[in-house]
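Following: one structure in structure tokens, then a few remarks.
Protein chains in written order, with the numbering used here: chain A, 1 to 104; chain B, 105 to 561.
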């Protein structure tokens, strides 16, 4: 692998992606997915190849529509978050008071 | 080696868009530069990858920030605040570096990560903080532009119109790369404060002494505390976190680019520090001449400096204020638009054609236009917005930093790119410093007698 240009490595990695290139080329099939789905943009074959060789899989706009799984806070984390939230609310009231006194 | 967790897409969900194609063009140039060896290819790589860090740091040297630095120089002269301002930029580097890593590892914006990972309840809290802070700051940017161009006799509505035309002009390319280069070119003019400082003929011996000894120290009172808070708020604010992470993602930076992202951030901080210190040095003669600058606005500083540095120097100072306002208006309204798109899952990229990114460009332009319109309303007491905007930024930072801290230490999304222990110690220290500064400010307002008892006033 060493000595190969990164573009070659990325191109090689692109071949392992979930979407085979021949499937992406036939946008007519994708249009049939749902009636409400907007028509996919027209992208030339050259550009498709460039995208797959230059971008990482999770950089694709389509992939980024997937949500990252949620995590839940533990007790101490919740205490810190609420404490800071109360701190911010209190300090905003202080700032408002200062503006009010300055204005009068 | 632990890899960051990636969402798995099904085949039907992936459609290549124009945004992907534009980003791929930018990335192919990076790949080509990286495949070559030698100094020139490294320099080209830096040229291609620099941007978000320099923009965020010079963008934060905005209207109210430059006003804070000018007030610092006029009230305290050359002393403690020179190394203090340099220290605040070190804090900014610690914080902003985390956003580079987050963006490169997850390819997600900051608002999107908070919503996805912590849920909408906490997500909306952070969005409200960002929205209020951004809008108040945007108003102050247009105040700075109006005041700066007012020095040259330009009418307020023409000044605002010029700034909006520049802001929308940068967007017209619908390419992140072009937008970034135009904004960078404008941001470099922030260094205009350096020749202004040289015209003020500062005592370099005093400057060296101040950096080595941090003296003379200012008195411990409410005014000093307000300046301390304003100077901190001039370097670390919530919009910077959202902007740099989103810009890193929009630029298409990956894990391989983190080193250059760090260089970009440090370079931006160095340039911004130079401009900030130059502003303090430029207004330090006002302190030496014992001029009261308590309620000075941008143009008034320029007018007050005119007898000392001449008409040419004062004009440069006023132009610097205009530049600071315009660049910050561009970056802050962009940060609002990115955050809105990330939260609503609408397309959000500067690579989007107008037709595909209607909501993104609408939020960006409406934010700027609304703030600009407010500045034109006659009789509004906008001076209070200028006075409190940096203080509000400091107060809103600790909650924002805790979210950042939790995200950047989340092994499931960051893999091996989680923060090392020393970085966690530094970022925790930044949270404590900001919180303590906020608490002291609150005490100074609610119980000023405590300050009097400590020897202040």
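Glycine included, every Cβ here is placed at the ideal spot set by N, Cα and C.
Below-9 Å beta-carbon distance, residue i vs any chain B residue
{"i": "residue 27/A", "result": "Residue placement at residue 27/A cannot be trusted, given a pLDDT of 43 that sits under 50; what the coordinates show is reported in the next sentence. Judged by the 9 Å Cβ criterion, residue 27/A is in contact with chain B."}
{"i": "residue 69/A", "result": "yes"}
{"i": "residue 62/A", "result": "yes"}
{"i": "residue 22/A", "result": "Only weak support is given to the placement of residue 22/A: the predicted model assigns it a pLDDT of 42, under 50, and the question is left unresolved by the model."}
Outcome for residue i when other beta-carbon atoms lying within 10 angstroms are tallied against a minimum of 16
{"i": "residue 520/B", "result": "exposed"}
{"i": "residue 231/B", "result": "buried"}
{"i": "residue 523/B", "result": "buried"}
{"i": "residue 43/A", "result": "buried"}
{"i": "residue 143/B", "result": "exposed"}
{"i": "residue 261/B", "result": "exposed"}
{"i": "residue 427/B", "result": "buried"}
{"i": "residue 507/B", "result": "buried"}
{"i": "residue 446/B", "result": "buried"}
{"i": "residue 516/B", "result": "exposed"}
{"i": "residue 319/B", "result": "exposed"}
{"i": "residue 79/A", "result": "exposed"}
{"i": "residue 462/B", "result": "exposed"}
{"i": "residue 45/A", "result": "exposed"}
{"i": "residue 74/A", "result": "exposed"}
{"i": "residue 59/A", "result": "buried"}
{"i": "residue 532/B", "result": "exposed"}
{"i": "residue 50/A", "result": "buried"}
{"i": "residue 225/B", "result": "exposed"}
Backbone CA spacing between residue i and residue j [nearest angstrom]
{"i": "residue 526/B", "j": "residue 546/B", "result": "30 Å"}
{"i": "residue 275/B", "j": "residue 153/B", "result": "20 Å"}
{"i": "residue 162/B", "j": "residue 380/B", "result": "10 Å"}
{"i": "residue 251/B", "j": "residue 57/A", "result": "48 Å"}
{"i": "residue 550/B", "j": "residue 360/B", "result": "50 Å"}
{"i": "residue 268/B", "j": "residue 473/B", "result": "7 Å"}
{"i": "residue 542/B", "j": "residue 137/B", "result": "46 Å"}
{"i": "residue 451/B", "j": "residue 459/B", "result": "11 Å"}
{"i": "residue 91/A", "j": "residue 215/B", "result": "23 Å"}
{"i": "residue 465/B", "j": "residue 494/B", "result": "27 Å"}
{"i": "residue 123/B", "j": "residue 477/B", "result": "32 Å"}
{"i": "residue 100/A", "j": "residue 203/B", "result": "36 Å"}
{"i": "residue 326/B", "j": "residue 332/B", "result": "10 Å"}
{"i": "residue 485/B", "j": "residue 96/A", "result": "14 Å"}
{"i": "residue 605/B", "j": "residue 348/B", "result": "This structure cannot speak to residue 605/B, because chain B is shown only from 105 to 561."}
{"i": "residue 552/B", "j": "residue 392/B", "result": "28 Å"}
{"i": "residue 328/B", "j": "residue 419/B", "result": "29 Å"}
{"i": "residue 489/B", "j": "residue 510/B", "result": "31 Å"}
{"i": "residue 32/A", "j": "residue 156/B", "result": "The predicted model places residue 32/A with a pLDDT of 45, which falls under 50 and marks its position as unreliable; any figure quoted below should be read in that light. Distance between the alpha carbons of residue 32/A and residue 156/B: 40 Å."}
{"i": "residue 324/B", "j": "residue 248/B", "result": "29 Å"}
{"i": "residue 87/A", "j": "residue 369/B", "result": "30 Å"}
{"i": "residue 168/B", "j": "residue 175/B", "result": "10 Å"}
{"i": "residue 386/B", "j": "residue 375/B", "result": "16 Å"}
{"i": "residue 443/B", "j": "residue 434/B", "result": "14 Å"}
Amino acids of chain A, ordered along the chain, whose beta-carbon sits closer than 8 Å to that of residue i
{"i": "residue 502/B", "result": "84, 87 and 88"}
{"i": "residue 449/B", "result": "65"}
{"i": "residue 87/B", "result": "Residue 87/B lies beyond the stretch modelled for chain B, which goes from 105 to 561, so this question has no answer here."}
{"i": "residue 356/B", "result": "55 and 59"}
Residue i at chain A interface by Cβ criterion, 9 Å
{"i": "residue 465/B", "result": "no"}
{"i": "residue 309/B", "result": "no"}
{"i": "residue 132/B", "result": "yes"}
{"i": "residue 514/B", "result": "yes"}
{"i": "residue 539/B", "result": "yes"}
{"i": "residue 92/B", "result": "Limits of chain B in this structure are 105 at one end and 561 at the other, which puts residue 92/B out of reach."}
{"i": "residue 127/B", "result": "yes"}
{"i": "residue 529/B", "result": "no"}
{"i": "residue 453/B", "result": "yes"}
{"i": "residue 343/B", "result": "no"}
{"i": "residue 217/B", "result": "yes"}
{"i": "residue 119/B", "result": "yes"}
{"i": "residue 235/B", "result": "no"}
{"i": "residue 542/B", "result": "yes"}
{"i": "residue 75/B", "result": "Limits of chain B in this structure are 105 at one end and 561 at the other, which puts residue 75/B out of reach."}
{"i": "residue 518/B", "result": "no"}
{"i": "residue 239/B", "result": "no"}
Residues that residue i contacts on chain B, provided the C-beta gap is smaller than 8 Å
{"i": "residue 94/A", "result": "545, 546, 549 and 550"}
Interface residues of chain E facing residue i [CB-CB closer than 7 Å]
{"i": "residue 99/A", "result": "Reference to chain E is not applicable here, since the protein chains of this structure are A and B."}
Per-residue contacts from residue i into chain B (C-beta, under 9 Å)
{"i": "residue 80/A", "result": "506"}
Closer than 7 Å at the beta carbon, the chain A residues around residue i
{"i": "residue 211/B", "result": "58, 59 and 64"}
{"i": "residue 221/B", "result": "68, 70 and 71"}
Partner residues on chain A for residue i, Cβ-Cβ distance less than 9 Å
{"i": "residue 424/B", "result": "Going along chain A, no residue has its Cβ under 9 Å from residue 424/B, so there is no contact; the nearest lies around 27 Å."}
{"i": "residue 499/B", "result": "87, 88, 91, 92, 94 and 95"}
- Segments of 4+ residues assigned as alpha helix (DSSP H) that fall wholly inside the stretch 332–385 of chain B: 342–355
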